[in-house]
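Presented below is the structure to which this report refers.
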Amino acid sequence: MMIDVNAQFDQARRDRMAFTGATRRDDGTYVGTGWDANEVIGRDGLDTTLGQAALYTSTPAWHDLGNVIPGGTDDIDEVLRLGGIAYGVEKRNVRYSFMGDDDATPSLRTADDYFVTVRTDTGAALGVVGSKYEVIQNRSLFVFLQDLVHDHGVIWESAGALRGGKRVFVTMRLPESVRIDADGVNDEIVPFVVMLNGHDGRSPAQALVTPWRVVCSNTERFAVRDAHSTWKVRHTASAMDRITEARRTLGLTVEYYEEWAVEETLLAQTEIAMRDFEQLIGDLWPVKDDAPLRTRNAAIRRNDQLATMYRAETERLGRTAYAAERTITDYLDHVAPRRPGKTMTEDIARATALLEGADDEIKTNAHKRLMTLVRH
């Protein structure tokens with residue numbers, strides 16, 4: 087059975103809408119009700135500088151934003167335009183106002199070693215960089231990926247900008263696939279190559295292989311988290327010339343996927359009792375007997391949601407460790423509440439958690455604990 091990871095993502099988000107009683111607003115965001123009252127389940131940080139979400143994709147995303155070309159296209163210029171990333175980026179001198187103790191009026195000075203990266207279409211400042219920093223243009227990401235796979239007719243799966251254009255992503259599908267439990271659930275996972283780039287001066291350019299398609303910042307963290315082979319490069323003049331090194335690094339992916347598929351197949355072939363799943367939840371989210379009532383009530387809601395999600399997974403995957411792992415991962419990625427700080431919206435908080443890998447330790451612990459149940 088072929089897994090459409092976008093469809094899985096869509097369904098998980100829709101399940102969250104149903105669970106929280108969320109309603110769609112005119113601006114494309116969702117607002118929760120009940121215990122998620124007033125929580126914005128938003129546009130995932132997609133750039134809307136030009137009036138609409140900066141997103142091109144070959145498959146509709148759950149938020150119904152962006153430009154969809156069914157089946158995708160191999161036209162770079164069209165993807166750049168539809169993805170809202172046709173803009174260039176330039177370095178401009180940093181200038182600042184200074185007034186000394188004896189000055190009557192401030193003077194405008196230039197910082198010789200600092201520059202601002204600026205969008206050429208809107209003039210928006212994206213970040214502050216040093217003199218050695220070299221801009222990697224958005225178009226260069228496409229050319230790099232084409233050269234990486236020796237194929238200048240690749241179909242682009244998705245592309246877009248995040249956070250006002252400070253971050254850009256491009257995704258293409260690889261021909262190889264990985265099959266989980268061929269004689270059982272027979273899940274075929276299709277890997278993608280993703281190129282991520284930052285114009286904010288803090289993020290390196292990186293290519294990675296992942297079983298997830300990037301269509302918004304929520305799934306951007308999927309790519310970073312689940313990447314089985316990555317290659318990073320700093321913003322230098324020769325960055326995009328290092329194709330040979332990138333090919334060698336990413337070439338290790340096939341071997342890794344083979345090992346990964348063996349473990350996932352073992353989980354798919356291992357039946358577990360409901361008490362095993364409940365014990366897993368208890369181990370991952372321990373609650374003390376003397377915990378505050380609010381904490382205990384939150385744990386009850388979380389456990390009920392996880393149990394509901396697990397039962398849904400078992401309808402197709404059976405009562406297996408594989409279904410349990412999928413449930414934990416889906417819950418953390420799509421359903422677990424994200425309480426924003428005073429200066430953050432909920433969608434930024436969720437995107438930040440995904441990008442920084444806030445739940446990676448829980449996911450790793452879940453996998454290790456489930457592997458102990460495997461009977462060789």
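What the sequence shown shows, in the numbering used here, is residues 87 to 462, in sequence order.
By construction, the Cβ of each residue, glycine as well, lies at the ideal position given by its N, Cα and C atoms.
Legend entry - DSSP-derived helix/strand/coil call for Thr400: For the purposes of this step, residue 400 is taken as the residue at position 314 of the sequence shown. Collapsing the DSSP output to three states places Thr400 in a helix.
Inset, instruction - Keeping to the same chain, check which residues put their C-beta closer than 8 angstroms to that of Glu176; ignore five residues upstream and five downstream. - result: As a working note, residue 176 is residue 90 in the sequence shown. Answer for Glu176: Thr203, Val204, Thr206 and Val221, listed in chain order.
Legend entry - N- and C-terminal bounds of the alpha helix (DSSP H) containing Ile367: The residue labelled residue 367 in the question sits at position 281 within the sequence shown. Met360 to Leu370 is the span of the alpha helix (DSSP H), which, as asked, contains Ile367.
Legend entry - Segment contact, 8 angstroms Cβ cut-off, at least three pairs: the stretch 364–378 with the stretch 443–461: Counting Cβ pairs under 8 angstroms, three or more are found: they touch.
Legend entry - Inter-residue Cα distance where the pair is Trp346 and Thr394: Taking the first residue of the sequence shown as 1, we reach residue 346 at position 260. Taking the first residue of the sequence shown as 1, we reach residue 394 at position 308. For Trp346 and Thr394, the distance between alpha carbons rounds to 27 angstroms.
Inset, instruction - Please list, in chain order, all residues of the same chain as Thr134 whose beta carbon is under 8 angstroms from its beta carbon, the five residues on each side excluded. - result: What you label residue 134 is simply residue 48 of the sequence shown in a count that begins at 1. Excluding positions up to five away in sequence, the list reads Ala140.
Legend entry - Gln365 classed as buried or exposed, judged by whether at least 16 other C-beta atoms fall within 10 angstroms: In the sequence shown, the residue the question calls residue 365 occupies position 279. Residue environment analysis places Gln365 among the exposed positions, since fewer than 16 neighbouring C-beta atoms fall within 10 angstroms of its C-beta.
Legend entry - Asp273 - containing beta strand (DSSP E), residue span: Looking up residue 273 in the sequence shown gives position 187. Start and end: Asp273 to Ile275.
Inset, instruction - Kindly indicate the opening and closing residues of the alpha helix (DSSP H) around Ala409. - result: Counted from its first residue, the sequence shown places residue 409 at position 323. Looking at the DSSP string, the run of the alpha helix (DSSP H) that includes Ala409 is Ala407 to Asp416.
Inset, instruction - With a cut-off of 8 angstroms on the beta carbons, I'd call Ala293 and Leu336 a contact; round off their distance for me. - result: Numbered from its first residue, the sequence shown carries residue 293 at position 207. Numbered from its first residue, the sequence shown carries residue 336 at position 250. Right, their Cβ atoms sit about 7 angstroms apart.
Inset, instruction - Please say whether Thr143 and Ser244 have beta carbons closer to each other than 7 angstroms? - result: Here residue 244 is taken as the residue at index 158 of the sequence shown, counted from 1. Here residue 143 is taken as the residue at index 57 of the sequence shown, counted from 1. Their beta carbons are under 7 angstroms apart, which means Ser244 touches Thr143 by this criterion.
Inset, instruction - Measure the C-alpha to C-alpha separation of Gly284 and Leu418 and round it to an integer number of angstroms. - result: For the purposes of this step, residue 284 is taken as residue 198 along the sequence shown, with counting starting at 1. For the purposes of this step, residue 418 is taken as residue 332 along the sequence shown, with counting starting at 1. Across the structure, Gly284 and Leu418 are spaced so that their CA atoms are roughly 26 angstroms apart.
Inset, instruction - Consult DSSP for Gln391 and reduce its assignment to one of helix, strand or coil. - result: As a position in the sequence shown, residue 391 is number 305, starting the count at 1. DSSP places Gln391 in the helix class (H, G or I) of the three-state scheme.
Inset, instruction - Would you mind reading off the limits of the alpha helix (DSSP H) that contains Leu234? - result: Along the sequence shown, one-based indexing puts residue 234 at 148. Run containing Leu234: Asn224 to Leu234, per the alpha helix (DSSP H) assignment.
Inset, instruction - Using a Cβ-Cβ cut-off of 7 angstroms, state whether Leu234 counts as contacting chain B. - result: Structure shown: chain B not included; a single protein chain is present.
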